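Take the sequence shown: its letters are residues 1 to 112, numbered as in this note's numbering. Glycine residues also receive a C-beta, built at the ideal position from the N, C-alpha and C atoms. None of these values were measured; they are calculated from a predicted model. A quick write-up on the structure given underneath.
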Amino acid sequence: MNYETARSFLMQQGNPEETDTEALLIRLRQGYPPLPTQLSTLLQALDVVFEALQGTEILERQLVYALYVLAIETQQQFQRGQARGVQWPAGLEEELFSLAEAVKKIFAGNGS
1 MNYETARSFL MQQGNPEETD TEALLIRLRQ GYPPLPTQLS TLLQALDVVF
51 EALQGTEILE RQLVYALYVL AIETQQQFQR GQARGVQWPA GLEEELFSLA
101 EAVKKIFAGN GS
């Protein structure tokens, strides 16, 4: 995966159209688990973006917004689903935490 593909995927997942029923945020809002390999693809895209942005001092606002939403809203939707009685797959909470940590790494710019 190259930077443009990764960026495009993250933008689509972090700022999805309401009609995009395959987007992670839409699925979580509706009480559905991620599609197979969806989180691993997101983590791969985040890693590609992290590597590509090394040494960059200024980040694009639209990308930052998409990353922020992915990090925060996925956790919120997970918790809301739990409160509604959704039975999430085992390990989903940890995977969403890994997603948030990967976003944090991009924001920090140093892999911390």
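Pro34 vs Leu46 beta-carbon contact at 9 Å: Position 34 of the sequence shown, counting from 1, holds the residue named residue 34. Position 46 of the sequence shown, counting from 1, holds the residue named residue 46. Cβ distance not < 9 Å, so Pro34 and Leu46 don't count as in contact.
Cβ distance (whole Å) where Leu28 is taken to contact Phe97 below 8 Å: Within the sequence shown, numbered from 1, the residue matching residue 28 stands at position 28. Within the sequence shown, numbered from 1, the residue matching residue 97 stands at position 97. Between Phe97 and Leu28 the Cβ distance is about 14 Å, and since that is not below 8 Å, they are no contact.
Backbone CA spacing between Met11 and Thr56 [nearest angstrom]: Numbered from its first residue, the sequence shown carries residue 11 at position 11. Numbered from its first residue, the sequence shown carries residue 56 at position 56. For Met11 and Thr56, the distance between alpha carbons rounds to 19 Å.
Burial state of Ala102, where buried means 16 or more other Cβ atoms lie within 10 Å: Here residue 102 refers to the residue found at position 102 when the sequence shown is read from its first residue. By the neighbour-count rule (16 or more Cβ atoms within 10 Å), Ala102 is buried.
Other residues of its chain near Arg7: CB distance less than 7 Å, five sequence neighbours each side excluded: Here residue 7 refers to the residue found at position 7 when the sequence shown is read from its first residue. Within the same chain, Cβ atoms closer than 7 Å to the Cβ of Arg7 are found at Val49, Leu63, the five residues on either side in sequence being excluded.
For Gln30, the nearest candidate out of Asn2, Thr5, Gln87 (CA to CA): Within the sequence shown, residue 30 is the residue found at index 30, counting from 1. When only C-alpha atoms are compared, the closest one is Gln87.
Best match in Ala83, Ala100, Leu53 for proximity to Val69 [C-alpha to C-alpha]: Numbered from 1 along the sequence shown, position 69 holds the residue referred to as residue 69. The candidate whose alpha carbon is nearest that of Val69 is Ala100.
Close-in-space but distant-in-sequence residues of the same chain around Phe9 (CB under 6 Å, 5 per side omitted): Looking up residue 9 in the sequence shown gives position 9. Excluding positions up to five away in sequence, the list reads Ala45.
Residue environment, Gln82, which counts as buried when at least 16 other CB atoms sit within 10 Å: As a first step, residue 82 is located in the sequence shown; it is residue number 82 there, counting from the start. With fewer than 16 Cβ atoms within 10 Å of its Cβ, Gln82 is classed as exposed.
N- and C-terminal bounds of the alpha helix (DSSP H) containing Asp20: Looking up residue 20 in the sequence shown gives position 20. Unbroken run through Asp20: none, as it is neither H nor E.
Local Cβ density within 10 Å of Ile106, reported as buried at 16 or more and exposed below that: Mapped onto the sequence shown, residue 106 falls at position 106. The residue in question, Ile106, is buried, as its Cβ has 16 or more Cβ neighbours within 10 Å.
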